[in-house]
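Residue numbers (the numbering used here): 11 to 143.
Cβ coordinates follow ideal geometry from the N, Cα and C atoms, glycine included.
Quick notes on the structure that follows.
Laid out in structure tokens, this is it:
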């Protein structure tokens, strides 16, 4: 599924498409504006990410963190990578979740929500992408 998004064959709300990875909205976000960052190459876990790709990949993750906070006005972000356990898609992906004080997120309990429609998701994707510029 994520390989299809990277290849442009599966529709997604893409916020960044860079040489070291692609960032797009999670379709079942913890909070609206929840972004997934994936490497272009199919890898299952973080430990298999080649050392030469590591700096560019995590530079993209850093840029998405700033873009989520700036573009959405969030107070911060929660950044996480699941390796195997709780990894619903077997493709390395880094979660960047917008946070606000009192948002109710406790520990690793991740309640999920949905976007009202594609227009709302597009709006969130555009706001984050614009903050990357």
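| message | Distance check for residue 29 and residue 48, CA to CA, integer angstroms please. | response | Computed Cα separation, rounded: 11 angstroms.
| Which two residues bound the contiguous alpha helix (DSSP H) that contains residue 64? | First-last of the alpha helix (DSSP H) with residue 64: 64 to 82.
| field | CB contact flag (residue 22, residue 34, <8 angstroms) | value | Contact: yes.
| message | Tell me the residue span of the beta strand (DSSP E) that contains residue 35. | response | Per DSSP, the continuous beta strand (DSSP E) segment holding residue 35 begins and ends at 31 to 35.
| query | What separation, rounded to the nearest whole angstrom, lies between the Cα atoms of residue 78 and residue 87? | reply | About 8 angstroms.
| When the Cα atoms are used, what is the spatial distance from residue 24 to residue 64? | Computed Cα separation, rounded: 21 angstroms.
| query | How many angstroms separate the CA atom of residue 107 from the CA atom of residue 15? | reply | Cα-Cα distance, rounded: 20 angstroms.
| query | What residues are listed by DSSP as bridge partners for residue 130? | reply | Looking at the DSSP output, residue 130 bridges to nothing.
| query | residue 102 to residue 89, Cα distance in whole Å? | reply | C-alpha separation (whole angstroms): 14 angstroms.
| request: Classify residue 87 as helix, strand or coil using the three-state DSSP reduction. | output: Three-state DSSP puts residue 87 in a strand.
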